[in-house]
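In the UniProt record's numbering, the protein residues as written are 1 to 551. For every residue, glycine included, the Cβ atom is placed at its ideal position computed from N, Cα and C. To keep things clear, I will list the structure first and then write my remarks on it.
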């Protein structure tokens, strides 16, 4: 079948398959796409009957692999299996350049044979025949990986890793050809269509098309591989990063908001491994793509998510260097720098890292070594988090608002590691308390029991920290410090006691006023921890004589 005619028909079917159906039947476009691909297969059978060709066999491979994936999408895995087995048989003949008598009734390969051959990699395109059928082979392997992912993650991972090896071998070979093109050299429209230069000769156009088709197959491989690795509890950052990178360049199933959210998730992952330069690069890429000025999107879906992502990033930076400062500041700044070594996971990212386009390249993040630098980092973080709080007001998004206040509290806590002045340390804790102290009275326990309890526990712990600082101040006051008097100090202890007491009381039955004999298993650690804090808090009360502490 004519290449351009087939590609146009096939691409239209793919776009139809990806479109959203009506709420009455969301799968309607997929069933229509299946009907159309069946017609296209029938056309190929007739074309092949008139003139046998490897081209028609390759085109049939694509149709069979698509049909199988389409059926898996609508939970018809068993119906998809015969098409998968036929596609595998046919692609093997294509690779070996063996013309069949007919492509309408291909003998399906058994699953045992497919498992054996894919694990061994026996059937695979080679450089000797210019990697013929690489696109079709990867599409078949992707469909197989999709099928296996529903029942056997290990089998799916093995098949998809084979597809990646095929791409890697092909890519190495293709870069040595003339002319050759990288993905970055292609011109792709916003709706994901390849634009071929009209003035280029046939060979240039064919090479660009081949690169585009291989990248299109490979992005599917990476996407499935990331999902399978995640389900198996294995690292998936490499696959996610390369998927997101290619998704941006190819505009494949591209949504600006979803894409930006993916980069924010990557940023969070890199920040966890202290690769802050890479995390910040991902944040900038997501910020650039996020349609913050588009009135079609609500602020909480765009501006709010950008602000939260940056806010959490600065909390991670300050917390990391705050911990290092606490441990090594007495040895000087050089000791902090020496202790700030990249983790094994961070070093591993160098093997696959690529910078996102139109954003400054990722560079090492400057270390935070003193209070002045920590204060600058704090200011950046608080700016973003306060912006997020305006997007998610308590009246409309109470749980998100409370999470933001807790995050701001964490930012203050991270800053306190760098603080050597006890008065300012006390002021920091007081500021943390002020962030959430008024929230429990505005929140319904029946509607938000988990959040209500967490607020009480957080406030109790913060008051505990304040008690420790005030006790130190009372024992050894510095110049210009004014320690709390006995009455004010005991009021602070009493307030701390009340928060832990309120926390425990939330398990009391409101009708009988009785605590249950047996708490739910998931509540026991928190409840008994609070009881311990209750007991410890009572020891902080000041009394002129020991008997006065008994209450």
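Start and end residues, alpha helix (DSSP H) containing residue i
i, result
"residue 452", "449-475"
"residue 196", "Segment: none, residue 196 is in no alpha helix (DSSP H) and carries neither H nor E."
"residue 168", "153-174"
"residue 488", "486-505"
"residue 363", "Segment: none, residue 363 is in no alpha helix (DSSP H) and carries neither H nor E."
"residue 119", "111-120"
"residue 538", "521-538"
"residue 63", "54-73"
"residue 182", "Taken as a continuous stretch (DSSP letters only), residue 182 belongs to no alpha helix (DSSP H), as it is neither H nor E."
"residue 311", "303-328"
"residue 246", "237-250"
"residue 336", "333-339"
"residue 36", "28-50"
"residue 286", "276-289"
"residue 553", "Residue 553 is absent from the structure shown; the chain starts at 1 and stops at 551."
8 Å Cβ cutoff met for residue i and residue j
i, j, result
"residue 625", "residue 497", "Outside the modelled stretch of the chain, which goes from 1 to 551, sits residue 625, for which no answer is possible."
"residue 508", "residue 515", "yes"
"residue 190", "residue 251", "yes"
"residue 264", "residue 305", "yes"
"residue 202", "residue 195", "no"
"residue 103", "residue 140", "no"
"residue 319", "residue 427", "no"
"residue 70", "residue 34", "yes"
"residue 504", "residue 531", "yes"
"residue 490", "residue 445", "no"
"residue 240", "residue 266", "yes"
"residue 163", "residue 68", "no"
"residue 1", "residue 47", "yes"
"residue 433", "residue 459", "yes"
Of the residues the options, the one placed nearest residue i, counting alpha carbons only
i, options, result
"residue 5", "239, 43, 38 and 29", "43"
"residue 343", "12, 251, 98 and 276", "276"
"residue 591", "170, 235, 274 and 313", "The question about residue 591 has no answer, for the chain in this structure spans 1 to 551."
"residue 128", "256, 174 and 490", "174"
"residue 3", "101, 181, 164 and 205", "205"
"residue 622", "418, 412, 476 and 403", "Since the first and last residues shown for the chain are 1 and 551, residue 622 lies out of range."
"residue 303", "282, 387 and 236", "387"
"residue 321", "298, 372, 72 and 457", "372"
"residue 290", "259, 526, 91 and 107", "259"
"residue 282", "359, 293 and 333", "359"
"residue 161", "122, 225 and 27", "225"
"residue 116", "98, 108, 159 and 91", "159"
"residue 443", "503, 294 and 398", "398"
"residue 94", "52, 332, 512 and 111", "52"
"residue 405", "331, 170, 382 and 499", "382"
"residue 354", "237, 385, 400 and 466", "237"
"residue 389", "48, 400 and 492", "400"
"residue 32", "181, 147, 13 and 293", "13"
"residue 279", "315, 295, 376 and 257", "315"
"residue 168", "478, 218, 109 and 544", "218"
Any chain C beta carbon closer than 8 Å to residue i
i, result
"residue 516", "Considering every chain present, this structure includes no chain C. It has just one protein chain."
In DSSP terms, what residue i is bridged to
i, result
"residue 188", "194"
May I ask you to verify whether the segment 123-136 touches the segment 46-62, counting CB pairs closer than 8 Å and requiring at least 3? yes
Inspect the CB distances between the segment 78-95 and the segment 152-172 and report whether three or more fall short of 8 Å. no
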